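Participant: Counting in my numbering, the sequence shown runs from 222 upward without gaps.
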Amino acid sequence: AVRKNVSPVDYRRYFLMNDSKVLGEGKIGKLLFRYALPCVLSLLISALYNVVDQLFIGNSAIGYKGNVATTIVFPLTILALALSLLMGDGASAFLSLCQGEKNTEKAGKAIGATLGLTFVVGVVFTVICLVWMDPILVLMGATDSSLPLAREYGLIVMAGVIFSFYTNVLNPIIRSDGSPIFAMIAQGAGAVANIILDPVFIFVFNTGLAGAAYATIIGQALSTALSVGYLCKSKTFHVNFRSLFTGWNLLGKTLRLGISSFFIQMSLVFVTVVSNWVLAKEGASTIYGADIPVAVFGITYKVFTIVVNIPIGIALGGLPIIGYNYGAKNYARCKKTYNLVLISSLVVTVLATVLFEADPMLIIALFGGGSDEYNDFAVKCFRIYLSLLILTGLQRTSSVFFQALGKPIQATIFSLVRDLVLLVPLTIILPMYLGMDGFFYSAPIADGIAFLLTLGLTVFEYRLLDKQETAVKPALAVLPQAGGER
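1) Between which two residues does the alpha helix (DSSP H) holding ASN461 run?
2) Beta-carbon separation of TYR256 and GLY538 under 8 Å?
3) Please give me, in chain order, every unbroken run of the beta strand (DSSP E) with length at least 3 that falls completely inside the region 263-331.
4) For ALA692, which residues in the same chain have their Cβ closer than 6 Å to its Cβ, ignoring the five residues on either side in sequence?
5) Could you check what DSSP says for LEU476 in three-state terms: helix, strand or coil?
6) Please go through the region 531-611 and give each complete alpha helix (DSSP H) segment of 4 or more residues, from N-terminal end onward.
7) According to DSSP, is LEU626 part of a helix, a strand, or is it coil?
8) Quick one: grab the DSSP three-state call for GLU690.
9) Near SER619, which residues of its chain fall below 8 Å by C-beta distance, leaving aside the five closest residues on each side in sequence?
10) Since ALA573 and VAL528 are thought to touch, with beta carbons under 8 Å apart, how far apart are those beta carbons, to the nearest angstrom?
11) Should LEU443 and ALA414 be called a contact, given that it needs their Cβ atoms to be closer than 8 Å?
12) Give a yes or no on whether the C-beta atoms belonging to ILE649 and VAL517 are separated by under 8 Å.
13) Between GLY473 and the rest of its own chain, which residues show a CB-CB distance below 7 Å, the 5 nearest in sequence each way excluded?
14) Output the boundary residues of the alpha helix (DSSP H) element that contains ALA465.
15) Who are the near neighbours of ALA599 in its chain, counting only those whose CB is closer than 6 Å to its CB and skipping five residues on each side?
16) Quick check on the burial criterion: 16 or more other C-beta atoms within 10 angstroms. Buried or exposed for VAL227?
17) Please report the straight-line C-alpha distance between VAL425 and LEU262, rounded to a whole angstrom.
18) Could you spell out where the alpha helix (DSSP H) holding ASP355 opens and where it closes?
19) Taking the C-alpha atoms as reference points, what is the distance between VAL359 and ALA290?
20) By the 10 Å Cβ neighbour count, where 16 or more other Cβ atoms means buried, how is VAL575 classified, buried or exposed?
21) Classify LEU685: buried if its beta carbon has 16 or more other beta carbons within 10 angstroms, exposed otherwise.
22) State yes or no: is the C-beta of PRO532 within less than 8 Å of the C-beta of VAL569?
23) Three-state secondary structure (DSSP) at ILE417?
24) Does the distance from the C-beta atom of TYR204 to that of TYR387 stay below 8 Å?
25) Would ASP398 and PHE462 be called neighbours here (beta carbons separated by less than 8 Å)?
26) For ALA549, which residues in the same chain have their Cβ closer than 6 Å to its Cβ, ignoring the five residues on either side in sequence?
27) Taking the alpha carbon of MET361 as the point to measure from, which residue in LEU561, VAL524, THR493, GLU503 has its own alpha carbon closest?
28) Just to confirm, are TYR374 and VAL272 a CB contact at a threshold of 8 Å?
29) Use the C-beta contact count for MET653: other C-beta atoms within 10 angstroms, 16 or more gives buried, fewer gives exposed.
30) Looking at C-alpha atoms only, which residue of PHE384, SER281, ILE299 is the closest neighbour of PHE491?
31) Report all residues from its chain with a CB closer than 6 Å to the CB of SER565; omit the five preceding and five following residues, and keep chain order.
32) Considering only residues of the same chain and omitting the five flanking positions on each side of LEU610, which have a CB-CB separation below 8 Å?
Structural data, given as structure tokens:
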């Protein structure tokens with residue numbers, strides 16, 4: 222049992238040394254805070270890379286046209302992230318399995334092969350983007366007016382995208398190696414560098430979009446350097462130069478473990494690209510024009526990502542608690558943990574929704590001023606497109622809940638149904654009949670339908686947990702009762 226009379230230092234040490242026991246006996250609120258904080262911060266730091274450039278560019282002489290360029294390039298950065306997580310999350314999960322098997326040699330081979338594959342994929346991705354940049358940007362929704370700026374920004378960012386690959390591959394591996402704080406620091410250092418260098422390059426050296434792009438890749442290079450440096454002092458595996466060329470026979474296993482993360486990120490690519498197409502086409506026949514809707518959507522979607530990442534991070538913090546207690550057949554504790562995750566998610570998304578509905582210009586103004594048409598479109602986008610953000614947060618946390626219960630198929634379906642199955646088709650179809658209003662309402666309609674599906678399956682799972690809890694109670698009643706919260 223968790224002792225009540227230890228000093229704060231001893232208590233922290235106890236938590237660090239007895240994770241498996243504390244997961245079943247420690248106070249849930251404290252455990253959730255301890256596990257969720259690094260997850261939330263890591264996700265927010267990652268999201269900053271996609272937002273900081275827009276903040277400074279929007280307030281520069283370039284204005285919202287610069288934000289159009291970053292929005293056009295955004296799907297490419299998400300595609301790079303999807304490929305990175307396919308390799309990184311897969312290697313991270315494989316490392317956890319090897320830790321349980323006490324087979325650190327196999328873990329080192331798999332991670333070494335993953336790092337070798339990362340180099341190959343990163344170089345190929347870079348070459349493709351640099352050689353065929355213009356047609357790719359047109360495919361992503363660039364118009365004649367936005368293409369030159371998107372090209373200027375995209376060529377520089379893609380030239381340094383290899384750093385993004387290695388940062389996002391190594392980050393989950395470092396977390397699984399028992400160093401979540403270092404992983405957060407490595408990622409955070411790059412984000413801080415980006416925040417500092419953006420205004421220096423944009424406003425002091427007057428380098429505009431190119432400066433924002435250079436700030437991004439310098440920040441990512443710093444994160445990569447710190448992450449690669451960690452490999453010299455890794456805890457449960459060892460890699461060296463030779464490791465890059467051995468263990469490729471293990472890549473099939475690692476990549477299968479990362480496929481869920483890949484599909485989740487790919488759904489964001491499809492949403493962004495399809496939205497850019499529709500907005501440019503519909504906007505051209507309205508007072509907004511083709512560029513304003515694309516610029517505003519880029520801001521809206523990135524703000525949406527930041528807000529939703531908070532409940533996702535909280536849910537990921539609850540994942541080991543729920544997973545451990547599910548395996549221990551302590552189903553009441555599983556439900557109590559998830560209830561706390563849901564409450565925390567509701568608090569965050571309700572506060573964000575109130576802000577977006579009451580005064581969206583507080584957020585919009587951070588990204589620079591615009592014309593009356595720009596502000597009008599932005600207010601509508603925030604108030605309508607993000608109106609059911611609360612349901613999105615609940616749906617995302619439920620996906621993690623099923624992942625914690627060892628049901629990856631349901632978790633992946635939850636992650637994809639809102640974006641790929643519902644939002645993408647609605648984004649295409651509704652504007653055909655309702656014009657720009659159809660685009661605004663596509664997201665809340667998708668949120669509502671996805672939530673109903675989520676609610677039904679989650680209630681069913683809760684009832685199943687109730688039955689399982691009833692079945693194990695007689696067996697638990699004859700066991701000695703340990704202390705701590707149950």
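Backbone N, C-alpha and C fix where the C-beta goes; we use that ideal spot for every residue, glycine too. This structure is a prediction, so every number in the text was calculated from the model and none was measured.
Facilitator: Once the coordinates are examined:
1) Element bounds for ASN461: n/a, residue is neither H nor E.
2) Yes; because the gap between Cβ atoms is below 8 Å, this pair is in contact.
3) Listed in chain order, nothing qualifies, since the region 263-331 has no complete beta strand (DSSP E) run of 3 or more residues.
4) none
5) Secondary structure at LEU476: helix, using DSSP grouped into helix, strand and coil.
6) Restricting attention to alpha helix (DSSP H) runs no shorter than 4 residues, the region 531-611 encloses them at 552-579, 582-585, 593-601, ordered along the chain.
7) coil
8) helix
9) PHE635, THR675, LEU678, THR679
10) 5 Å
11) Going by beta carbons, LEU443 and ALA414 fall inside the 8 Å limit.
12) No. Outside cutoff.
13) none
14) One point to set straight first is that residue 465 is Leu, not Ala, in the sequence displayed. Careful: LEU465 lies outside any alpha helix (DSSP H) and carries neither H nor E.
15) Only VAL517, ILE585 meet the Cβ criterion.
16) Note on VAL227: pLDDT 37, under 50, position unreliable in the model; the coordinate value appears next. Under this definition VAL227 is an exposed residue.
17) 30 Å
18) 354-360
19) 11 Å
20) exposed
21) exposed
22) yes
23) Assignment of ILE417 by DSSP, reduced to helix, strand and coil, places it in the helix class.
24) In this structure the chain extends from 222 to 707, so residue 204 is not present and cannot be described.
25) Using a Cβ distance threshold of 8 Å, ASP398 and PHE462 do not count as a contacting pair.
26) GLY245
27) The shortest C-alpha separation from MET361 is found at THR493.
28) Between TYR374 and VAL272, the CB-CB gap reaches or exceeds 8 Å.
29) Result: exposed.
30) ILE299
31) ILE535
32) Around LEU610: PHE525, VAL528, VAL529, THR570, ALA573, THR574, PHE577, ASP668.
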